[in-house]
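Here's the structure, in structure tokens; my notes come after.
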Amino acid sequence: MIIAITGPLGAGKDTAAEYLAEKMNGVHVSGGDVLREMIVSLGLEPKKAALGDFGTFLRTHYGQDAVTKQIQRKGESSEHLVASGFRSPVEAESWKERGAIILYISAPDTLRHTRVNTRGREHDTFTQDDLKKLDQQEFASRAAMAENLTVVKDMADATVENDGTIEQLYQKLDEFLVQHT
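So the sequence shown is numbered by the numbering used here: it starts at 1258 and just counts up by one.
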């Protein structure tokens, strides 16, 4: 089984993915981590803006499923894969073609801002305005291979609003598993 998780920065995608992977005795592979590893291997800093651009570059020059293939390759040792971090419609379509259930995680902007600035990722410090600008980019790109969360959200099989405690998120994810497995 494959669950592919998407949503905006700081919504809780990786937290949800780790929980689901553990519940399913599966593996979690983050698209962002895959891209960060590639960028670092080139001796560059993995800045947030560069991740999206690099993912678009890979999809444009190496096929729409270039990142998806890397994620699936890293998770092929497990019967259950939980992939997170994709934001483009072509990747959503690629996951659907692989039989994935697409889960969209959302959260209020103020909560996302707090999470992003307290999670301790290097190069991931944002003001409220920075987050709004990033959202505008991620939700509205018209480029075929680029990020567009507006379209991806519409393609999702389910949505979970991550607007409470971690325990409340886990309860919502348990309900998701009951409905979709």
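C-beta atoms are modelled at their ideal positions from N, C-alpha and C, and glycine is treated no differently.
Original post:
So the alpha helix (DSSP H) residue 1351 belongs to, where does it begin and stop?
Top reply: 1346-1354
**OP:** May I ask which residues mark the beginning and end of the alpha helix (DSSP H) holding residue 1306?
**Re:** 1305-1319
Original post:
Any idea if residue 1311 is buried or exposed, counting beta-carbon neighbours within 10 angstroms, 16 or more meaning buried?
Top reply: buried
Original post:
For residue 1380, does the three-state DSSP call read helix, strand or coil?
Top reply: Note that residue 1380 scores 48 on pLDDT, short of 50, meaning its location in the model is unreliable and no value can be drawn from it.
Original post:
Assuming residue 1253 and residue 1354 make a contact with CB atoms under 8 Å, what is their CB distance in whole Å?
Top reply: Past the edges of the chain, shown from 1258 to 1438, lies residue 1253, and the structure says nothing about it.
Original post:
Taking Cβ to Cβ, would you say residue 1418 is nearer than 7 Å to residue 1341?
Top reply: no
Subject >> CB contact flag (residue 1331, residue 1286, <7 Å) >> reply: yes
**OP:** Determine, using beta carbons only, whether residue 1339 and residue 1423 come nearer to each other than 7 Å.
**Re:** no
**OP:** State buried or exposed for residue 1437, treating a residue as buried only when at least 16 other CB atoms are found within 10 Å of its CB.
**Re:** exposed
**OP:** Return the chain-ordered list of same chain residues with a C-beta closer than 8 Å to the C-beta of residue 1408, the five sequence neighbours on each side being excluded.
**Re:** 1346, 1349
Subject >> DSSP-derived helix/strand/coil call for residue 1288 >> reply: helix
Original post:
Looking only at its own chain, which residues have a Cβ that is under 8 Å from the Cβ of residue 1263, when we skip the five neighbours before and after it?
Top reply: 1270, 1341, 1342, 1343, 1344, 1349, 1359, 1360, 1361, 1362, 1406, 1409, 1410, 1413
Original post:
Under the three-state reduction of DSSP, which class applies to residue 1422: helix, strand or coil?
Top reply: coil
**OP:** Return the chain-ordered list of same chain residues with a C-beta closer than 6 Å to the C-beta of residue 1275, the five sequence neighbours on each side being excluded.
**Re:** 1285
Subject >> Element boundaries [beta strand (DSSP E), containing residue 1340] >> reply: 1338-1343
Original post:
Quick one: Cα of residue 1288 to Cα of residue 1328, how far?
Top reply: 6 Å
Original post:
CB residue 1277 to CB residue 1430, shorter than 7 Å?
Top reply: yes
Original post:
Buried or exposed: which applies to residue 1380, given that a residue is buried once 16 or more other Cβ atoms fall within 10 Å of its Cβ?
Top reply: Confidence in residue 1380 is poor, its pLDDT being 48 and thus under 50, which makes the residue's placement unreliable; the coordinate value appears in the next sentence. Residue 1380 should be labelled exposed.
**OP:** Might you give, ordered along the chain, the residues of its own chain that have their beta carbon closer than 6 Å to the beta carbon of residue 1281, omitting 5 neighbours on each side?
**Re:** 1337
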